[in-house]
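This report concerns only the one structure given below.
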Amino acid sequence: MKKKLVSILLCTAMVATLAVGCGSGNDSGSDSNTDSGSSTAASDDAGDDDADSGSEGGGSGTYAIVTKSAGNPFNEKTADGFQEVIEAAGGTAIVKHPEAATADAQVSVIQSLISQGVDSICIAANDENALQAALEEAMDAGIKVCCEDSKTNPDSRQVFVNQAGVQEIGQALMDAVLDISGGEGQWAVLSATSQAANQNAWIDAMKEVMEGDDKYSKLELVEVAYGDDEPQKSTDQTQALLAKYPDLKVICAPTTVGINAAAKVLQDEKSSVKLTGLGLPSEMAEYIGDDDDHSCPYMYLWNPIDLGRLGAYTSMALVDGTITGAEGDTFTAGDMGDYEIVAADDGGTEMILGAPFKFDASNIDEWKDVY
Amino acid sequence: MKENKSILKKITDSREASLFIVLIVLCVVISLRSPSFMTLKSISDMLKNNAVIMIMTLGMLGVLLIGGIDISIASTLAFSGMSVGMLMKYSVVQNTFLLFLIAIGIGALCGLLVGLIISKGKVLPIIATMGFMYIYRGLAYIIANSQWASAENLGTFKDFALGSVLGMNNVIIVMIICYIIFFIVMKWTKIGRMVYAVGSNREAAQISGINTSNVELMVYTVMGTLAGLCGALAVSIYSSAQPNMLYGREMDVIAACVIGGVSMTGGRGSVAGALLGSLILAIIAKALPLVGIEAIAQNTVKGVIILVVIVLNVITQRMMDKNNLKGREM
Chain P
0 MKKKLVSILL CTAMVATLAV GCGSGNDSGS DSNTDSGSST AASDDAGDDD
50 ADSGSEGGGS GTYAIVTKSA GNPFNEKTAD GFQEVIEAAG GTAIVKHPEA
100 ATADAQVSVI QSLISQGVDS ICIAANDENA LQAALEEAMD AGIKVCCEDS
150 KTNPDSRQVF VNQAGVQEIG QALMDAVLDI SGGEGQWAVL SATSQAANQN
200 AWIDAMKEVM EGDDKYSKLE LVEVAYGDDE PQKSTDQTQA LLAKYPDLKV
250 ICAPTTVGIN AAAKVLQDEK SSVKLTGLGL PSEMAEYIGD DDDHSCPYMY
300 LWNPIDLGRL GAYTSMALVD GTITGAEGDT FTAGDMGDYE IVAADDGGTE
350 MILGAPFKFD ASNIDEWKDV Y
Chain S
0 MKENKSILKK ITDSREASLF IVLIVLCVVI SLRSPSFMTL KSISDMLKNN
50 AVIMIMTLGM LGVLLIGGID ISIASTLAFS GMSVGMLMKY SVVQNTFLLF
100 LIAIGIGALC GLLVGLIISK GKVLPIIATM GFMYIYRGLA YIIANSQWAS
150 AENLGTFKDF ALGSVLGMNN VIIVMIICYI IFFIVMKWTK IGRMVYAVGS
200 NREAAQISGI NTSNVELMVY TVMGTLAGLC GALAVSIYSS AQPNMLYGRE
250 MDVIAACVIG GVSMTGGRGS VAGALLGSLI LAIIAKALPL VGIEAIAQNT
300 VKGVIILVVI VLNVITQRMM DKNNLKGREM
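Next comes the structure, spelled out in structure tokens:
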């Protein structure tokens, strides 16, 4: 009796899993066909382009970009920027969205690109190490490999197009604090976790900037609070900052969850404390504005379109031999200006997109639908 | 002398009373270090920010009372919250009341499924709910489809958590209503007594004519229903719906119950205990950043406070049992 029950249960579980699996597969499939019109268009293009590149040979070059997954608005914008630059230069752009945001899905995409014989692959890695075998195979086949958005380990790439220069972010945020506070007063940082490497690097960069120039001398950093990227804890921390420091003028939250939670607290309480930091335009649209009804005058994040465009220029420079991805190489990225390849923290090389992009009342309406 | 003894006896007679004393001591210590803690606004902020955990503690009380456990609740919450967020984002449903009903319905269905597997399929609760933890969280990601609903999309829905009746925030009112209903049901109704009966001695309950598997099914369904309600509440409170909402927070809910003196093996625990337990957790969360403890040390301090409270609680329980035995000997 018991055995029977167990076997029935196991069967049910298996069927249920299958049903769930199928459901999800169908969902994502149908969604990427319906919702994200551009992604289907892009993959249709890719199909046509395969035939083209086969007949034309390497005349104008075939450049591929592999995003993290389908249906992510940030990735789509990056791919758009990439495509625009490549096509303007007369090349052929292949945009590939893996089925899922996993390294596995990217590996099979990379392998199909290798067999298509593309000239370069620009990839936003879903895993730092798992793509190494596939990408090394690509490089052995003469394909140039660069990363954008999130990097692979140094062995799997030639250069990384870094959207977030630590120094640039520290400078931009510090200037925002100086501007919003009116030049003096108390300010605090609301970070993610105390171990988050990027957060700590940005906070340290801000401190360095603050100590490096006299104009920041009247600013007092009273506390670095950690909200652990949880709305509830970030809310607690923001409320605690308000209670502890009645003279607080500015909170700077360089994390998307933290800035969102803090913006909500400040705006609901109609607090005089203002907010800046790094946040997603779509999440923050409600809170950005110059008047007293909005808690955040302006904030920063990187521009995904420019990221894609720089990825395209880098791919082309790698393919035509202008750069090899070695430290000290320089090249001109069209109207974006000159870029220099520098050493990255992980032992590889990178180039930095530039100062982060500013979102304020004048452009938030246009960006909130983008990502 | 005699009076003193009776007061002492009263305190040691009830775990809730000892918890209440811990609560007051905590509050006094905190307000000494940070005077702004004991203001009406600060307390209201605290209740609102912890309402979700406090409401789910009630459901967990029922589950723990029959000797079960449910670790899928945070995932159920994310699934129902994400569904509500997506319905708002794509303007399918805009009515706040209807959205709450949908969230509660999703939660109830999720809970029912968990309950069926556990009560009719006789699967261990921790195993079954672990499976559902992944399934529901996965479903939340699937319906989110790498989108999220933010303040802008949530229109009037987010106003619910801002509104108030008679000076009391809507969210806190919902929580109080839940607590009142549970208090009455658990204390004075047949259903409530049945839950206790199943938890204290399942065989005895069965022999006395209680359908134990139906009681089991019921508590998990109620748990799911509350988690569904909390999904909608969380979206309204933080005006943001993301598939990783409250990731890992089911442990806080279980901790709140345990602090409140609910036994993990079933049969023991009360609504008052659940309230006090979740209040103590809420106060700790609110106070740690206020009193100026180094950020890195906050989690350690939180753990120490929880352990101290539980040890105190266990000691009280022992004294209670001893006193009861003494009474019998005499």
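Protein sequence lines correspond, in order, to chains P and S.
Each residue of the first sequence is one higher than the one before, starting from 0 at the first, in numbering that gives the first Met the number 0.
Each residue of the second sequence is one higher than the one before, starting from 0 at the first, in numbering that gives the first Met the number 0.
Where a beta carbon is used, it is the ideal one built from N, C-alpha and C, also for glycine.
_Counterpart residues of Gly184 of chain P in DSSP-defined beta bridges_ = Here residue 184 of chain P refers to the residue found at position 185 of the first sequence. Residue pairing for Gly184 of chain P: DSSP places it in a beta bridge opposite P:Leu218.
*Assuming Cys229 of chain S contacts Val24 of chain S under a Cβ cut-off of 8 Å, what Cβ separation, rounded to an integer in Å, is found between them?*
Position 230 of the second sequence, counted from the start, is the residue given in the question as residue 229 of chain S. Position 25 of the second sequence, counted from the start, is the residue given in the question as residue 24 of chain S. Cys229 of chain S to Val24 of chain S, Cβ: 29 Å. No contact.
*Any Cβ of chain S within less than 7 Å of the Cβ of Val369 of chain P?*
Translated into the one-based positions of the first sequence, residue 369 of chain P becomes position 370. Closer than 7 Å: no.
*How about Ile171 of chain S and Lys47 of chain S: do their beta carbons lie closer than 7 Å?*
Mapped onto the second sequence, residue 171 of chain S falls at position 172. Mapped onto the second sequence, residue 47 of chain S falls at position 48. The beta carbons of Ile171 of chain S and Lys47 of chain S sit closer together than 7 Å.
*Can the beta-carbon of His96 of chain P be found closer than 7 Å to that of Thr66 of chain P?*
By 1-based counting over the first sequence, the position of residue 96 of chain P is 97. By 1-based counting over the first sequence, the position of residue 66 of chain P is 67. Yes.
*Would DSSP call Val261 of chain S helix, strand or coil?*
For the purposes of this step, residue 261 of chain S is taken as the residue at position 262 of the second sequence. Residue state, collapsed to three classes: coil.
*asked:* Quick check on Ala296 of chain S: buried or exposed, where buried means 16 or more other Cβ atoms within 10 Å of its Cβ?
replied: Reading the second sequence from its first residue, position 297 is the one you call residue 296 of chain S. Exposed, because fewer than 16 other Cβ atoms sit within 10 Å of the Cβ of Ala296 of chain S.
*Which of helix, strand or coil DSSP assigns to Glu349 of chain P*: As a working mapping, residue 349 of chain P is identified with position 350 in the first sequence. Correct three-state label for Glu349 of chain P: strand.
*From Thr329 of chain P to Cys145 of chain P, what distance separates their C-alpha atoms?*
Your numbering for residue 329 of chain P matches position 330 in the first sequence. Your numbering for residue 145 of chain P matches position 146 in the first sequence. If I take the Cα positions, the gap works out to 15 Å.
*When you check each C-beta in the region 235-247 of chain S against every C-beta of chain P, which residues fall closer than 7 Å?*
Tyr237, Ser238, Ser239
*Using only alpha-carbon positions, find the residue among P:Leu317, P:Asp290, P:Val264, P:Ser294 that is nearest to Leu274 of chain P.*
Stepping through the first sequence from its first residue, residue 274 of chain P is reached at position 275. With distances taken between Cα atoms, Leu274 of chain P lies closest to P:Ser294.
*Tell me, please, whether the CB atom of Asp26 of chain P is closer than 7 Å to any CB atom in chain S?*
Start at 1 with the first residue of the first sequence, and residue 26 of chain P comes out as number 27. The pLDDT assigned to Asp26 of chain P is 38, lower than 50, so where the model puts this residue is not dependable, and the model offers no usable value.
*Any alpha helix (DSSP H) of 4 or more consecutive residues that is wholly inside the region 87-170 of chain P*: 102-115, 131-139
*With a CB to CB cut of under 7 Å and the five nearest residues on each side skipped, what residues in its chain are close to Met132 of chain S?*
The sequence position of residue 132 of chain S within the second sequence is 133, counting from 1. Answer for Met132 of chain S: Ile70, Ser71, Ser74, listed in chain order.
*List in chain order: all unbroken alpha helix (DSSP H) runs of 4+ residues lying wholly within the region 196-272 of chain S.*
201-206, 211-237, 249-258
*What is the DSSP secondary structure of Tyr62 of chain P, reduced to helix, strand or coil?*
Walking along the first sequence from the start, residue 62 of chain P turns up at place 63. It is a strand residue.
*Which whole-angstrom value describes the C-beta separation of Ala260 of chain P and Gly226 of chain P, a residue pair presumed to lie in contact below a C-beta threshold of 8 Å?*
Taking the first residue of the first sequence as position 1, residue 260 of chain P is located at position 261. Taking the first residue of the first sequence as position 1, residue 226 of chain P is located at position 227. Confirmed, Cβ separation roughly 7 Å.
*Given Ala332 of chain P as reference, the closest of P:Ser6, P:Ser59, P:Gly80, P:Ile64 once Cα atoms are compared*: Taking the first residue of the first sequence as position 1, residue 332 of chain P is located at position 333. Checking every option, the nearest Cα to that of Ala332 of chain P belongs to P:Gly80.
*Ends of the beta strand (DSSP E) at Tyr297 of chain P?*
Mapped onto the first sequence, residue 297 of chain P falls at position 298. 297-300 is the span of the beta strand (DSSP E), which, as asked, contains Tyr297 of chain P.
*asked:* Taking 7 Å as the limit between beta carbons, can you name the residues of its chain near Ala284 of chain P, skipping five residues before and five after?
replied: Taking the first sequence and counting its residues from 1, one reaches residue 284 of chain P at position 285. Excluding residues within five positions, the ones whose Cβ falls inside 7 Å are Ile363, Lys367.
*If you draw a straight line from the C-alpha of Ser361 of chain P to the C-alpha of Ile141 of chain S, how long is it?*
Locating residue 361 of chain P in the first sequence gives position 362, counting from the first residue. Locating residue 141 of chain S in the second sequence gives position 142, counting from the first residue. Approximately 34 Å between the Cα atoms of the pair.
*By Cβ distance below 7 Å, which residues in the same chain neighbour Gly191 of chain S in space, the five residues on each side in sequence not counted?*
Within the second sequence, residue 191 of chain S is the residue found at index 192, counting from 1. Counting only Cβ-Cβ distances below 7 Å, and skipping sequence neighbours, we find Val184, Met185.
*Would you give the residue range spanned by the alpha helix (DSSP H) that Leu274 of chain P belongs to?*
The residue labelled residue 274 of chain P in the question sits at position 275 within the first sequence. For Leu274 of chain P, there is no enclosing alpha helix (DSSP H); the residue is found in the beta strand (DSSP E) stretching over 273-276.
*Would you kindly work out how many angstroms separate the C-alpha atoms of Ala148 of chain S and Ser239 of chain S, rounded to a whole number?*
Counted from its first residue, the second sequence places residue 148 of chain S at position 149. Counted from its first residue, the second sequence places residue 239 of chain S at position 240. Cα to Cα, the separation comes out at about 6 Å.
_Taking only three categories from DSSP, how would you classify Ala148 of chain S?_
Here residue 148 of chain S refers to the residue found at position 149 of the second sequence. Judged by DSSP in its simplified three-state form, Ala148 of chain S adopts strand.
_Just to confirm the assignment, what range does the alpha helix (DSSP H) spanning Asp305 of chain P have?_
Here residue 305 of chain P refers to the residue found at position 306 when the first sequence is read from its first residue. Here the alpha helix (DSSP H) through Asp305 of chain P covers 303-318.
_Cα-Cα separation, Asp320 of chain S to Val290 of chain S_ = The residue you call residue 320 of chain S lines up with position 321 of the second sequence. The residue you call residue 290 of chain S lines up with position 291 of the second sequence. If you draw a straight line from the Cα of Asp320 of chain S to the Cα of Val290 of chain S, it is about 37 Å long.
*Grouping DSSP H, G and I as helix and E and B as strand, with all else coil, what is Val310 of chain S?*
The sequence position of residue 310 of chain S within the second sequence is 311, counting from 1. Three-state result, Val310 of chain S: helix.
*Neighbourhood of Leu311 of chain S by C-beta, 8 Å cutoff - its chain only, sequence neighbours within 5 removed*: One-based indexing of the second sequence puts residue 311 of chain S at position 312. So the qualifying residues of the chain are Ser17, Val21.
*So which of P:Ile287, P:Gly169, P:Val158 has the shortest CA-CA distance to Asp344 of chain P?*
Position 345 of the first sequence, counted from the start, is the residue given in the question as residue 344 of chain P. For the residues P:Ile287, P:Gly169, P:Val158, the minimum Cα distance to Asp344 of chain P belongs to P:Val158.
*Roughly how many angstroms lie between the CA atoms of Ile101 of chain S and Val83 of chain S, to the nearest whole one?*
Position 102 of the second sequence holds residue 101 of chain S. Position 84 of the second sequence holds residue 83 of chain S. Their Cα atoms are separated by approximately 7 Å.
*Leaving out five residues on either side along the sequence, give the residues of the same chain with a beta carbon under 7 Å from the beta carbon of Gln266 of chain P.*
The count along the first sequence starts at 1 and reaches residue 266 of chain P at position 267. Here the set comprises Tyr286, His293, Ser294.
*The alpha helix (DSSP H) with Asp359 of chain P in it runs from where to where?*
Numbered from 1 along the first sequence, position 360 holds the residue referred to as residue 359 of chain P. Element bounds for Asp359 of chain P: not the alpha helix (DSSP H) but the beta strand (DSSP E), 356-359.
*From Met263 of chain S to Val303 of chain S, what does the alpha carbon distance come to, in whole angstroms?*
As a first step, residue 263 of chain S is located in the second sequence; it is residue number 264 there, counting from the start. As a first step, residue 303 of chain S is located in the second sequence; it is residue number 304 there, counting from the start. If I take the Cα positions, the gap works out to 20 Å.
*Are at least three pairs of beta-carbons, each pair with one atom in the region 102-118 of chain S and one in the region 160-171 of chain S, less than 8 Å apart?*
no
*Give, in chain order, every residue of the region 335-367 of chain P whose Cβ lies closer than 9 Å to some Cβ of chain S.*
Lys367
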